[in-house]
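S.K.:
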Amino acid sequence: MNSYCIPTIIGESGYAEIIAALEPAQNGEPAGSRIGRFGDVAISSHFQPIFSLSHRRIVGHEALMRGHGPGQTPISPLDLLGRANRDYPTLLHLDRLARATHLHNFAAQPEADGWLFINMSPEVFLNGPNLKADELVSALLRDTGLAPQRLVIEVLEEAVQDNSRFQAAVEFFRSLGFLIALDDFGAGHSNFDRVWSIRPEIVKLDRSIIVQAAADPKIRRTLPQIVSLLHEAGAMVLMEGVETADEAYIALESDVDFVQGYYFGRPAPRVSTDASAGLAVNDLWQTFDARWLRDKRSYHENIAPYFNALGYASVLLSAGRSLEEACASFLELENAAFCYLLDAQGQQIGTNLWSSDASPNQDARFAPLAKTKGARWARRPYFRRAVENFGKVQVTRPYLSISSASLCVTLSCSFKVNGELQVICGDVRWEQR
């Protein structure tokens, strides 16, 4: 076990106390680099690159605290923070000292551009409006020459319990010119209400999300919708903890804005440059292009029989044939579930026509939903798109069918019979696709 001493701090550490604890870095580091002295512990900085997938370049770095005790023994940041957390003045001093160290070490590297993401203890963050944080920050930015809009304050979403204090702290640090990043979103205490109320500029998705998406096709399919919802809430989305090529591909197909993780670059004392770190992003785009074309071809090959069969059904129905006769070819296809007919208002005409290997009673728990005669499906994309694209077969994304309580895609096509608009729909089971 590491043996080291930390100071006991009395009162609020201001600019003078923080500057007094900064020492010039060792030889070989850029001029202006600093080490923070915290009792026996020397605090230094590591920087991990953050990439924009669209720009294909580094747009920032996250500053990570590193500690070394006597004899250069590495000290876990979590262990150090845990000991400092025993009393608030000591925690505040360490938090501010680490940030001051990061600002100096980032500014000392001419190649360091873009944003600097800085972690802040939740308790220190919440108390920001009640302390002299603005004076300290202004002085440190003046010393380092960094503009406030280049700083992104990361706040742990799961550690915040008081929404009113959280909101006040967000507004305080935003008034200083900083951006706000909600960290570890999806780690177990996620709350979209907090995203809507504080409007963070960036939401960082916890690594657990990408791990689950890589292991579960259902989660992978829904991840782009989560990202889309965050975008609609006004936030840019950063996927952190990307460690493998497959995880990187999932991040790209999910339409996240930024990525961070070992696959793209490990934390290091020196910031990364596009020349040294951009190859991973370029390789990822090449893989994405090739896989997208392959997946597109595979999808069209899989859906084509259903597409053709439903289009043929619409022709037969417009000629006055019965639903049973018109849909026979469609329902003979593997994984075809059922067909149904809608009028011009999206109201179902008659009941579902099921295939021979499917049944409305496959899961008795959802029996109350089995009867669909007269149901109104006008809100569904498959109805609206069919009406807007007359005579052309439409296909939805996979979704949970309320009629069968299973994952499906719905094909639909509008037609006219006796001058009246109708829409024929066919559901295909999509669980294993």
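For the sequence shown, the UniProt record's numbering assigns the number 1 to the initial residue and increments by one for each residue that follows. Even glycine gets a Cβ: it sits at the ideal position worked out from N, Cα and C.
(1) Find the nearest neighbour of Ser355 within the set Gln345, Ala367, Asp363 and Cys339, judged by alpha-carbon distance.
(2) Take Glu201 as the anchor and find which of Glu154, Pro381 and Gly241 has the nearest alpha-carbon.
(3) Identify the continuous beta strand (DSSP E) that holds Asp363 and give its terminal residues.
(4) Less than 9 angstroms between the C-beta atoms of Val423 and Leu341, yes or no?
(5) With respect to the beta strand (DSSP E) encompassing Trp115, which residues constitute its N-terminal and C-terminal limits?
(6) From the DSSP output, in three-state form, read off Ala235 for me.
(7) Hey, Val203 and Leu223 are a contact pair by Cβ (cut 8 angstroms); roughly how many whole angstroms apart?
(8) Quick one: Cα of residue 435 to Cα of Phe166, how far?
(9) Name the residue from Arg66, Pro49, Pro30 and Ile19 whose alpha carbon lies nearest to the alpha carbon of Ala42.
(10) Asn127 by DSSP, collapsed to three states: which one?
(11) Identify the continuous beta strand (DSSP E) that holds Val203 and give its terminal residues.
(12) Between Cys413, Gln260 and Arg365, which has its C-alpha nearest Ala309's C-alpha?
(13) For Gly32, which residues from the same chain have a beta carbon less than 7 angstroms from its beta carbon, with the 5 sequence-adjacent residues on both sides left out?
(14) Between the region 136-149 and the region 76-95, can you find at least three pairs of beta-carbon atoms closer than 8 angstroms?
(15) Using only alpha-carbon positions, find the residue among Phe172, Gly14 and Pro269 that is nearest to Glu62.
(16) Quick check on the burial criterion: 16 or more other C-beta atoms within 10 angstroms. Buried or exposed for Thr101?
(17) Closest to Lys392 by CA distance: which of Leu284, Arg379, Leu400 and Phe307 is it?
(18) Pairing CB atoms from the region 191-198 with CB atoms from the region 229-242, are three or more of them under 8 angstroms?
(19) Given this structure, state the Cα-to-Cα distance separating Leu293 from Tyr299, to the nearest angstrom.
(20) Out of Gly346, Ser208, Leu126 and Arg96, state which residue places its alpha-carbon closest to the alpha-carbon of Ser164.
(21) Quick check: the Cα distance between Phe383 and Gly346, rounded to an integer number of angstroms?
M.R.: Reading from the atomic positions:
(1) To locate residue 355, count along the sequence shown from 1; it is residue 355. Taking only the C-alpha atoms, the option nearest Ser355 is Cys339.
(2) To locate residue 201, count along the sequence shown from 1; it is residue 201. Per the Cα distances, Glu154.
(3) The residue you call residue 363 lines up with position 363 of the sequence shown. Unbroken run through Asp363: none, as it is neither H nor E.
(4) Translated into positions along the sequence shown, residue 423 becomes position 423. Translated into positions along the sequence shown, residue 341 becomes position 341. Contact flag set, yes.
(5) Residue 115 sits at position 115 when you count from the first residue of the sequence shown. For Trp115, the enclosing beta strand (DSSP E) stretches over residues Trp115 to Asn119.
(6) Residue 235 sits at position 235 when you count from the first residue of the sequence shown. In the three-state reduction of the DSSP assignment, Ala235 falls in the coil class.
(7) Position 203 of the sequence shown, counting from 1, holds the residue named residue 203. Position 223 of the sequence shown, counting from 1, holds the residue named residue 223. With 8 angstroms as the limit, Val203 and Leu223 do not qualify as a contact, their Cβ atoms being about 13 angstroms apart.
(8) Absent from the model: residue 435. The displayed extent of the chain is 1 to 433, so no value can be given.
(9) Reading the sequence shown from its first residue, position 42 is the one you call residue 42. Ranking Arg66, Pro49, Pro30 and Ile19 by Cα distance to Ala42 puts Arg66 first.
(10) Here residue 127 refers to the residue found at position 127 when the sequence shown is read from its first residue. In the structure shown, the three-state DSSP call for Asn127 is coil.
(11) Here residue 203 corresponds to residue number 203 of the sequence shown, with the count starting at 1. Where Val203 is concerned, the enclosing beta strand (DSSP E) stretches over Ile202 to Leu205.
(12) Counting from one through the sequence shown, the residue named residue 309 turns up at place 309. Of the listed residues, the one whose Cα sits closest to Ala309 is Cys413.
(13) In the sequence shown, the residue the question calls residue 32 occupies position 32. Here the set comprises His104, Ala107 and Ala108.
(14) No, the region 76-95 is not in contact with the region 136-149.
(15) For the purposes of this step, residue 62 is taken as the residue at position 62 of the sequence shown. Ranked by how close their Cα comes to the Cα of Glu62, the residues Phe172, Gly14 and Pro269 have Pro269 in first place.
(16) Indexing the sequence shown from 1 puts residue 101 at position 101. Classification for Thr101: buried.
(17) Within the sequence shown, numbered from 1, the residue matching residue 392 stands at position 392. Closest in alpha carbon position to Lys392, among Leu284, Arg379, Leu400 and Phe307, is Phe307.
(18) Contact holds: three or more Cβ-Cβ distances are below 8 angstroms.
(19) Numbered from its first residue, the sequence shown carries residue 293 at position 293. Numbered from its first residue, the sequence shown carries residue 299 at position 299. Computed Cα separation, rounded: 10 angstroms.
(20) Sequence index remark: in the sequence shown, residue 164 carries index 164 (1-based). Ranking Gly346, Ser208, Leu126 and Arg96 by Cα distance to Ser164 puts Leu126 first.
(21) To locate residue 383, count along the sequence shown from 1; it is residue 383. To locate residue 346, count along the sequence shown from 1; it is residue 346. In a straight line, the C-alpha of Phe383 is about 7 angstroms away from that of Gly346.
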